[in-house]
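Here's the structure, in structure tokens; my notes come after.
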Amino acid sequence: MLWRLFHSGRHIERYIHDDAWALVTGASDGIGKALVDELLGRGFNVLIHGRNAAKLERVKEEMLAKHPARQVALVVCDASQVSYGMIEDVVHQVGDRNLTCLVNNLGATERRILPFAKQQWADVEDTTNIGIRFVAQLTRALLPKLVAHQPSVLLNLGSSSQLVHAPFVPVYAATKGFLLTLSQCIDLEMRADGLDVEVLYLDVGEVNTTAHDVGESFIVVSSPSMGKAIVDAVGCGGVFVTPHWHHECVNSVLACLPRRLQDYFVTQSMMPRRLDLVDKKTQ
Ligand SMILES: NC(=O)c1ccc[n+]([C@@H]2O[C@H](COP(=O)([O-])OP(=O)(O)OC[C@H]3O[C@@H](n4cnc5c(N)ncnc54)[C@H](OP(=O)(O)O)[C@@H]3O)[C@@H](O)[C@H]2O)c1
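Take 934 as the starting number for the sequence shown in this note's numbering and just add one per residue.
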């Protein structure tokens, strides 16, 4: 929390050099779209990734109307169908642009909330394809560009479900554990080789989005405020960071409780969202 006292939120500007581009995955809605808006506002051109070309085109028009001096380009592919050819195609679409910022925003947010014993093959397959295979292969393929265009930054969006070991979304939470370890290892590799590539794992709490439309509160923040908090956190000095101060307050309160009480509150908060229990009530 102390980093906030000494942080201007303008460290991101270090990575805006020579007609800089950012690539944001899962950018047609939610936090991804808010991040695109924020990055364009700070001075990046942005490649926006998603699976729905028409929706991406609408986001592009909206963003260019708001940021006429910037450039926006589309990258269209369905991350749940990850393949070698798909990743090579994304690299080709990035081309010789000066990529100085990669935002792995996309996560498996369409998961079904169920006990692991009740999950189907497709639940595990989609979640791991999006949350592990796509993010690992995309980062592997684009990291050489971040290295070539340093100083640069890699932003990986995590989830508090990883921090609290949220039940009923075990594979999703575990993909964020994977992403945290991946971030920490890449950060050490960059520093071992004296490369100026900043790596962050962003611990994100609840955010109100089109897909997760639960209303805003102190705990559930808006997408624009989350997007700003993420960009402001760049340069905070560590790999793991909780970018939004509201979420950091929640984490701090939970951390003061004995582990069994933490587990109780986390489990109780997930219970009403269990699909198997909701289904029984409506039968
Ligand atoms: N919202 C929260 O409360 C929350 C909490 C903690 C962490 N996070 C993390 O924050 C990140 C963003 O979450 P979000 O809530 O903003 O997500 P979201 O609202 O569900 O948006 C997901 C975006 O990804 C796109 N997308 C979904 N599946 C895709 C696929 N298979 N291939 C390509 N694009 C796909 C969607 O495109 P369409 O428009 O076509 O659907 C949309 O643009 C994720 O990593 C998530 O795990 C979110």
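We treat Cβ as the ideally placed atom computed from N, Cα and C, and that holds for glycine.
Computed from a predicted structure; not experimentally measured.
Looking at the structure shown, is residue i part of a helix, part of a strand, or coil, going by DSSP?
i	result
I1119	helix
I981	strand
E1131	strand
T1061	helix
F1173	strand
C1034	strand
L938	helix
L1088	strand
S1202	helix
L989	helix
Is the beta carbon of residue i within less than 6 Å of some heavy atom of ligand 1?
i	result
R1066	no
G983	yes
E990	no
V1137	yes
H1145	yes
I1020	no
D1011	yes
D1126	no
D1196	no
Here's the rule: buried if 16 or more other CB atoms are within 10 angstroms of the residue's CB, otherwise exposed. What is residue i?
i	result
R1124	exposed
K1051	exposed
W1178	exposed
G1064	buried
R943	exposed
V1147	exposed
Y1105	buried
G1170	exposed
L938	exposed
With C-beta atoms as the reference, is residue i less than 7 Å away from residue j?
i	j	result
F1008	V1023	It should be noted that the sequence gives Val, not Phe, for residue 1008. Against a cut-off of 7 Å, the Cβ pair of V1023 and V1008 comes out as a contact.
V979	L989	no
L968	V1027	no
V1080	Q1117	no
L1121	Y1134	no
I981	V957	yes
L1208	R1045	yes
I1152	V1102	no
H1000	T1033	no
G1110	N1038	no
Confirm the yes/no value for this check: CB of residue i, any heavy atom of ligand 2, distance under 6 Å.
i	result
L1096	Ligands in the displayed structure: ligand 1; ligand 2 is not one of them.
Discussion item. For the structure I just gave you, are there three or more beta carbon pairs, one from the region 1055-1069 and one from the region 1154-1161, closer than 8 Å?
Written reply: Because the criterion of three Cβ pairs below 8 Å is not met, the region 1055-1069 and the region 1154-1161 do not touch.
Worksheet item: Using 8 Å as the threshold, is the region 1084-1104 in touch with the region 940-951, meaning 3 or more CB pairs across them?
Response: Contact between the region 1084-1104 and the region 940-951 is present, because at least three Cβ pairs lie under 8 Å.
Worksheet item: If you pair each beta-carbon of the region 974-992 with each one of the region 952-966, do three or more pairs fall below 8 Å?
Response: Enough Cβ pairs lie closer than 8 Å, so yes.
Discussion item. Taking contact to mean 3 or more Cβ pairs, one atom from each stretch, closer than 8 Å, check whether the region 1091-1098 and the region 1064-1071 are in contact.
Written reply: Taking a cut-off of 8 Å on C-beta distances, the region 1091-1098 does not touch the region 1064-1071, as fewer than three cross pairs fall below it.
Worksheet item: Using 8 Å as the Cβ pair cut-off and three pairs as the minimum, do the region 1188-1208 and the region 999-1017 touch?
Response: Note that the region 1188-1208 does not touch the region 999-1017; fewer than 3 beta-carbon pairs, one per stretch, sit closer than 8 Å.
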